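The next block holds one structure in the form of structure tokens; read it before the comments.
2 protein chains.
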Amino acid sequence: MRAEREVPAAERSQLASYDPRAYDPIAVTVDVVAFTIRDRSGVLGADGPLGRHALHVLLVRRGEMPYAGRWSLPGGFVRAHTAADGTRHEEDLPQAAVRELAEETGLAASDATATATVPVSHDLGRVHLEQLGTYGTPGRDPRMRVVSVAYLAFAPDLPDPTAGGDARAAAWVPVDAVAVIDPPGLAFDHTRILADGLERARAKLEYTPLATAFAGERFTITELREVYEAVWGQPLHPGNFHRKVLSVPGLVEDTGDTTARGGARGGRRARLYRAGTAGLLHPALLRPTRERDA
Amino acid sequence: MRAEREVPAAERSQLASYDPRAYDPIAVTVDVVAFTIRDRSGVLGADGPLGRHALHVLLVRRGEMPYAGRWSLPGGFVRAHTAADGTRHEEDLPQAAVRELAEETGLAASDATATATVPVSHDLGRVHLEQLGTYGTPGRDPRMRVVSVAYLAFAPDLPDPTAGGDARAAAWVPVDAVAVIDPPGLAFDHTRILADGLERARAKLEYTPLATAFAGERFTITELREVYEAVWGQPLHPGNFHRKVLSVPGLVEDTGDTTARGGARGGRRARLYRAGTAGLLHPALLRPTRERDA
DNA sequence: TGAATAGTGTCTTTCAGACACTATGAG
DNA sequence: CTCATAGTGTCTGAAAGACACTATTCA
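In the order they appear, the protein sequences are chains D and B.
Under this note's numbering, the first residue of the first sequence carries the number 1, and numbering increases by one thereafter.
Under this note's numbering, the first residue of the second sequence carries the number 295, and numbering increases by one thereafter.
What follows is the structure, given as structure tokens:
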């Protein structure tokens with residue numbers, strides 16, 4: 001939130017070349033596609049074809065109309081309020097995204113002070129937030145004309161959410177199970193927003209160090225590989241991945257430490273790394289060969 | 295425009311969990327970053343270091359406050375109007391972008407029927423339109439709280455625009471001359487939007503056939519190379535570019551024809567190609583080596 | 001010791017880029 | 001013919017992926 005001077009009415013009418021009262025208002029909302037990597041919960045049995053780790057998305061069960069009882073992305077209206085004393089309290093869009101996340105799920109991003117003016121991406125403590133896109137097709141919300149700005153949030157393993165605000169329930173759901181828990185699909189056009197967010201996340205793993213945002217402060221190369229495998233949904237060659245990650249400048253930094261012990265059933269101790277300083281990966285870590293036509 | 299049924303007042307209040315009258319309205323606008331490749335106009339002399347072809351952006355000179363007299367991107371308010379008979383005429387966001395382009399510059403995209411529901415990209419005749427991002431920082435417009443959805447438009451060589459609507463003037467301006475013609479910068483945060491759009495365009499040339507959207511229906515490999523050189527702002531090796539373009543499946547298709555004659559000062563006739571059907575380029579056409587850190 | 005996990009060596013294929021060359025047409 | 005432009009051949013180095021191998025640790 002930030003307070004600004006109220007523009008005097010005289011100046012305001014002089015400036016205005018648009019009278020919003022002549023039109024129906026267009027409401028502005030934010031929706032958040034929050035991703036994390038977690039152990040696949042017992043809901044669908046233990047191991048999938050790709051091991052225990054799966055990409056999860058944060059969903060809430062709506063408590064109010066429309067779509068009451070259906071699952072949706074957390075989100076809500078952007079606040080732009082004029083207080084009684086005339087000061088305006090206007091929320092920036094990423095701030096609204098963080099607030100909705102906190103209100104509906106209890107997950108608070110540490111250091112939620114979004115000061116950057118760029119709409120592209122913001123780092124909120126350990127949570128990486130970036131704008132995904134804006135969805136404004138008429139009729140996408142039956143109540144009124146709503147234009148929704150969708151944000152992507154990436155975070156390392158987070159605790160289970162607690163419902164609040166308009167949400168009746170909140171939960172981390174494996175992305176490959178979304179269609180299962182809610183066959184009619186998510187509320188509004190959130191199924192599409194989720195799909196767009198997933199593709200964005202998959203693409204960004206290739207040429208940015210985004211994967212380190214899913215890992216803890218210190219991580220092993222194997223843990224980093226499990227992030228890639230969970231997001232891309234396919235297994236990667238451990239040896240080649242290892243060499244490749246270490247060959248990309250600025251992706252990871254060696255801490256000098258190793259894990260306290262090897263695997264549960266034996267195995268060498270792994271070196272621990274932290275995120276590097278590179279903003280873009282060169283050369284990129286490309287997804288395994290898929291057909292890239294049409 | 296499309297007409298929809300008016301939601302009855304009773305149903306509406308039942309559905310509404312948000313009362314827009316309790317808040318200041320948030321206005322929604324669209325801004326368009328329209329790019330084309332043109333011969334560098336006489337304004338700054340003839341040849342730059344990269345030949346005659348330069349990337350141009352469409353700018354308008356504002357006729358109204360705020361920022362009257364300053365250059366800005368074409369754009370304006372999204373219309374969501376309830377007519378006297380109760381029907382609503384609501385514009386989709388890409389429609390609003392096309393309308394503003396037409397109103398302020400006289401450049402009409404043929405076949406402006408944007409039926410796609412995806413917010414990502416739309417093909418409007420020969421104009422490729424895609425969403426760039428949304429800019430909603432409080433205070434970015436002194437009149438009121440404005441959230442602006444920016445669109446990118448790519449088109450082959452278009453005629454000179456004619457000012458209209460709120461615009462006092464409209465012109466294609468070489469992107470490397472924007473800072474020159476308007477030292478204080480564009481109106482609002484349009485300097486940043488333009489920068490974001492330019493970077494997006496440069497990146498998309500690498501892995502999509504976007505360059506063909508800048509070329510005519512039929513084009514030579516050299517013309518395609520001039521598109522890349524103009525957008526990336528650096529010369530490319532003609533021979534290697536030629537072989538590379540032909541090696542990427544689905545980028546271009548041979549028409550069988552050639553140009554009517556060779557170069558003005560002699561030279562072989564060039565084969566003519568048309569855009570291929572690929573949606574993504576594999577392997578990608580990467581920009582010449584730059585340092586990709588931080 | 002045997003199995004499991006971490007990490008390395010090496011070979012093949014692909015591709016970007018440098019450079020030289022051939023092919024064709026205008027003046 | 002001469003020069004300019006279109007298009008190809010060939011070599012080198014970087015990097016991806018397949019595969020085999022060594023190193024270390026737990027039960």
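Quick reminder that beta carbons are idealized off the backbone N, C-alpha and C, glycines included.
This one's a predicted model, so the numbers in the text were calculated from it and none came from an experiment.
>> Does D/T137 pass the burial test, meaning 16 or more other C-beta atoms within 10 Å, or should it be called exposed?
In response: buried
> Do we get a CB-CB distance below 8 Å when we pair D/H81 with the residues of chain B?
Replying inline: yes
> Taking all protein chains shown into account, do 16 or more other C-beta atoms lie within 10 angstroms of the C-beta of D/V149, making it buried, or fewer, making it exposed?
Replying inline: buried
> Assuming B/D460 contacts B/R393 under a Cβ cut-off of 8 Å, what Cβ separation, rounded to an integer in Å, is found between them?
Replying inline: B/D460 to B/R393, Cβ: 13 Å. No contact.
> How many Å lie between D/E103 and B/G369 at the Cα?
Replying inline: 35 Å
>> Pull the bridge partners of B/F371 from the DSSP assignment, please.
In response: B/T323
>> Closest to D/G256 by C-alpha separation, out of D/T162, D/T36, D/F219, would be which residue?
In response: D/F219
> Considering only the beta carbon of each residue, do B/V521 and D/V28 sit closer than 8 Å?
Replying inline: no
> What do you get for B/Q389, buried or exposed, if any count of 16 or more other CB atoms within 10 angstroms of its CB means buried?
Replying inline: buried
> Is the shortest distance between the beta-carbon of B/I320 and the beta-carbons of chain D less than 8 Å?
Replying inline: yes
> Would you say B/A439 faces chain D, with C-beta separation under 8 Å as the test?
Replying inline: Note that residue 439 of chain B is Arg in the sequence shown, not Ala. At least one chain D Cβ lies under 8 Å of B/R439.
>> At the 8 Å Cβ level, is D/Q131 part of the contact set with chain B, yes or no?
In response: yes
> Between D/T208 and chain B, is there a C-beta pair that is closer than 8 Å?
Replying inline: no
> Going straight from the alpha carbon of D/T277 to that of D/L251, what length do you get?
Replying inline: 7 Å
>> Could you check whether D/A203 and D/V60 sit closer than 8 Å to each other, using their CB atoms as the reference points?
In response: no
>> So D/H56 and D/P174 are supposed to be a Cβ contact under 8 Å. How far apart are they, rounded?
In response: 6 Å
> From the DSSP output, which residues share a beta bridge with D/L55?
Replying inline: D/I37
>> Please identify, using Cβ separations under 7 Å, the residues of the stretch 147-180 of chain D that lie next to chain B, in order along the chain.
In response: V147, V149, D166
> Which residue's Cα is closest to the Cα of B/L352: B/A463, B/R373, B/V525?
Replying inline: B/A463
>> Are the CB atoms of B/T428 and D/D131 within a distance shorter than 8 Å?
In response: One point to set straight first is that residue 131 of chain D is Gln, not Asp, in the sequence displayed. Yes. Within cutoff.
>> Taking the beta carbon of B/T583 as the centre, do at least 16 other beta carbons fall within 10 Å, making it buried, or is it exposed?
In response: exposed
> Would D/L73 pass as a contact of D/L194 if the rule is Cβ separation under 8 Å?
Replying inline: yes
> Applying the criterion that 16 or more other CB atoms from any shown protein chain within 10 Å of the CB defines a buried residue, is B/D589 buried or exposed?
Replying inline: The structure shown does not extend to residue 589 of chain B, since chain B is modelled only from 295 to 588, so the question has no answer here.
>> Between B/G433, B/V421, B/L580, B/E523, which has its C-alpha nearest B/G450's C-alpha?
In response: Note on residue identity: the sequence assigns Pro, not Gly, to residue 450 of chain B. When only C-alpha atoms are compared, the closest one is B/V421.
> Using Cβ-Cβ distances below 7 Å, what residues of the stretch 56-78 of chain D are close to chain B?
Replying inline: E64, M65, P66, F77, V78
> Is there a Cβ from chain B that is less than 8 Å from the Cβ of D/T134?
Replying inline: yes
> Between B/V372 and the rest of its own chain, which residues show a CB-CB distance below 7 Å, the 5 nearest in sequence each way excluded?
Replying inline: V322, T323, V324, E385, L387, A390
> For the putative contact between B/I515 and B/H536, defined by C-beta atoms under 8 Å, what is the C-beta separation to the nearest angstrom?
Replying inline: 5 Å
> Would you report the Cα separation of B/T407 and D/F214, rounded to the nearest angstrom?
Replying inline: Confidence is the limiting factor: at B/T407 the pLDDT is only 38, short of 50, which leaves the residue's position unreliable, though a coordinate-based value still follows. Rounded to whole angstroms, B/T407 to D/F214 spans 41 Å at the Cα level.
> Between B/R555, B/A362, B/F329, B/L580, which lies nearest to B/V539 when the distance is taken from Cα to Cα?
Replying inline: B/L580
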